[in-house]
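So the structure is just underneath, and the comments pick up after that.
Right under this line is the structure:
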């Protein structure tokens, strides 16, 4: 008897259940889930379109109306205003000037060598 065409009684392998679970994206501003229709990406950070606001005046921003500095987002008018008020990116935005940091390091180096 020829057994080549006789089906064997092998159990059928079923694929493991397919899951649509994906990693939820979280808004960098409010830490809540962001859904695709409200998703906005700026500087590799994800936001709700309503959470993407100027740090200075809280105006809603868009991809064409923002300027970023050190992970903070500003509307273009306030970015320019804060820069012009002190003439540099540090003092205008509430940080110590780099030259103060340099002089502090030089002072430390002088005390170490003395």
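Numbering (UniProt numbering), first residue to last: 1 to 114.
Every residue gets a Cβ at the ideal spot worked out from N, C-alpha and C, and that includes glycine.
Checklist line | Outcome for residue 75 when other beta-carbon atoms lying within 10 angstroms are tallied against a minimum of 16 | finding: buried
Notebook entry, point to check: Whose C-alpha, out of 83, 67 and 42, is nearest the C-alpha of residue 29?
Noted result: 42
Next item on the list: Give the DSSP-derived three-state secondary structure of residue 52 in the structure shown.
Entry: coil
Margin query: Could you give the first and the last residue of the continuous beta strand (DSSP E) run that contains residue 72?
Written below: 72 to 75
Margin query: So the candidates are 82, 81, 84 and 25; which of them puts its Cα closest to the Cα of residue 44?
Written below: 25
Check: Which residues share a DSSP beta bridge with residue 42?
Finding: 45
Notebook entry, point to check: If we count the other Cβ atoms within 10 Å of its Cβ and call it buried at 16 or more, is residue 63 buried or exposed?
Noted result: exposed
Checklist line | residue 84 in three-state terms, based on DSSP | finding: helix
Check: Which first and last residues belong to the beta strand (DSSP E) in which residue 69 is found?
Finding: 66 to 69
Notebook entry, point to check: Going by Cα to Cα distance, which pick from 61, 60 and 56 is closest to residue 83?
Noted result: 56
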